[in-house]
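The structure under discussion appears below in the form of structure tokens.
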Amino acid sequence: MEDKRFIIPIFISHFGCPHRCIYCDQNRIAYHTTSLPTAEKIQEEIEWYLKVGIHKMKKAQLVQVAFYGGSFTALALHTQEELLRSVTPFLRDARVHSLRLSTRPDYIYPEILEILKAGKVTTVELGVQSMDDEVLRISCRGYRARTVKRAVRELKQRDFEVGIQLMVGLPGDTSEKFASTVEKVIELRPHFVRIYPTLVIKGTALERWFKKGKYRPLPLWEAVNLTKDAMQRFRQAKIPVIRVGLQPTPSLEEGETIVAGPYHPAFRQLVESSILYDQAVSALANSLADKGSCPTFILSPQDISNFFGQRGMNIKRLKESFGLKEIRVKSDPQRERGTVSLVL
3 MEDKRFIIPI
13 FISHFGCPHR
23 CIYCDQNRIA
33 YHTTSLPTAE
43 KIQEEIEWYL
53 KVGIHKMKKA
63 QLVQVAFYGG
73 SFTALALHTQ
83 EELLRSVTPF
93 LRDARVHSLR
103 LSTRPDYIYP
113 EILEILKAGK
123 VTTVELGVQS
133 MDDEVLRISC
143 RGYRARTVKR
153 AVRELKQRDF
163 EVGIQLMVGL
173 PGDTSEKFAS
183 TVEKVIELRP
193 HFVRIYPTLV
203 IKGTALERWF
213 KKGKYRPLPL
223 WEAVNLTKDA
233 MQRFRQAKIP
243 VIRVGLQPTP
253 SLEEGETIVA
263 GPYHPAFRQL
273 VESSILYDQA
283 VSALANSLAD
293 KGSCPTFILS
303 PQDISNFFGQ
313 RGMNIKRLKE
323 SFGLKEIRVK
333 SDPQRERGTV
343 SLVL
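The numbering of the sequence shown is the numbering used here, which starts it at 3 and goes up by one.
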């Protein structure tokens, strides 16, 4: 996932999903839709994105059309083929290079993978959510961890790029179980990972559980800490985490859509900020910095904002904790992202 990509999203919402998981309402999480998009509609969407995204495309090494929101491979085979064929004209004239899609691990079969290959799909994201069988059962996912292992193996054998989506804070999950899930995913060596906090969405079974006191969502700080630990393990394993937290959408943020849970429109920033803060604390604790001194931290330019934290909270906390008069921050384009260097 080192290349820069221009992604054209096509949302198929809940279509293809064989049943409803307790936390899910795709219409609210993504975009309202009551029917599958027609080939004409898909082609209009692609043309629009190609037109408005021309400047981003010039910087991209790869242009992909992405079918998001449902379980693509759980659709009828002829429907999958029709959706894939709608992109063919753009593949022929090389304005689009390949396709990607999201689906469930229990709908990965050789016959389906042949259809995906023929349709120029190169990237498949699996909504795994957990590698703990009990957590999967409580969440009504309908498969076990061994199903995930088989799906990843089948995809890799056919040279698909594999992504895994995880959720933190699912019913029945614990910090220990989630840490174990992370380690099991690392063993599978996916090409990338996404991490989402579990939210209580209006109209879901999880909302009923919440109102009956059967489910307690994670507080924001705990969701941030668990995600932080997971991100650091994936980074150590050289597995990119390409998204953290749900993308803010009008349907997600409107009215009472989110009943409870650790939602924050800048969830990833909170996580990245916490990682950098921990590194700064460790560096200062192991240094010879005196109270009243003015240490300098060196970071990648892309990390400066996260290092300061929201409303400069990280800097304030560091000053208070270590009795520092001032903290200087310098950017170094050569500095590895996500790392902090201390100069006294």
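Heads up, the beta-carbon is just placed ideally off N, CA and C, and yes, glycines get one too. Values in this document were obtained by computation on a predicted structure and should not be read as measured data.
Beta-carbon spacing of residue i, residue j below 9 angstroms
| i | j | result |
| --- | --- | --- |
| ASP231 | THR183 | no |
| PHE162 | VAL195 | no |
| TYR279 | PHE309 | yes |
| LYS6 | ALA62 | yes |
| SER73 | GLY129 | yes |
| LEU228 | PHE269 | no |
| ILE114 | LEU168 | no |
N-terminal and C-terminal residue of the alpha helix (DSSP H) that residue i is part of
| i | result |
| --- | --- |
| ALA282 | 269 to 287 |
| ARG237 | 222 to 238 |
| ARG337 | First-last for ARG337: undefined, no H or E at that position. |
| ARG319 | 315 to 324 |
Continuous beta strand (DSSP E) stretch holding residue i: start and end
| i | result |
| --- | --- |
| THR298 | 298 to 301 |
| SER333 | 330 to 333 |
| SER343 | 343 to 345 |
| ILE12 | 7 to 13 |
| LEU168 | 163 to 170 |
| ALA291 | Taken as a continuous stretch (DSSP letters only), ALA291 belongs to no beta strand (DSSP E), as it is neither H nor E. |
| ALA262 | 260 to 262 |
| ARG245 | 243 to 246 |
Residue i, buried or exposed, once every other Cβ within 10 Å from all chains shown has been counted against 16
| i | result |
| --- | --- |
| VAL345 | exposed |
| PRO303 | exposed |
| GLY294 | exposed |
| GLN66 | buried |
| ASN288 | exposed |
| CYS296 | exposed |
| VAL246 | buried |
| ILE31 | Summary for ILE31: the model assigns pLDDT 49, below 50, so the residue's position carries little reliability; its value from the coordinates is reported in the next sentence. Its Cβ being crowded by 16 or more others within 10 Å, ILE31 is buried. |
| TYR217 | buried |
| ARG160 | exposed |
| ILE44 | buried |
| GLN131 | buried |
| VAL54 | exposed |
| THR176 | exposed |
Selected residue, minimal CA-CA separation from residue i, among the options
| i | options | result |
| --- | --- | --- |
| VAL123 | TYR217, TRP211 and SER100 | SER100 |
| VAL150 | GLU189, ILE114, ALA120 and LYS179 | GLU189 |
| PRO264 | GLU46, SER307, GLU83 and PRO199 | PRO199 |
| VAL98 | ARG146, ARG87 and THR105 | ARG87 |
| SER37 | CYS26, TYR25, GLY55 and SER15 | SER15 |
| GLU185 | ALA239, THR206 and VAL154 | ALA239 |
heavy atom of the ligand COA below 8 angstroms from residue i C-beta
| i | result |
| --- | --- |
| ASP134 | Questions concerning the ligand COA fall outside what the structure shown contains, since it holds no ligand whatsoever. |
CB contact below 9 angstroms: residue i versus chain C
| i | result |
| --- | --- |
| PRO199 | This model lacks chain C altogether, as it is built from one protein chain only. |
Which ranges does the alpha helix (DSSP H) cover as unbroken runs of at least 4 residues, wholly within the stretch 70 to 141, from first to last along the chain?
-> 79 to 87, 90 to 94, 112 to 120 and 135 to 140
Ignoring anything shorter than 3 residues or poking outside the stretch 174 to 204, list the beta strand (DSSP E) runs there in chain order.
-> 194 to 199
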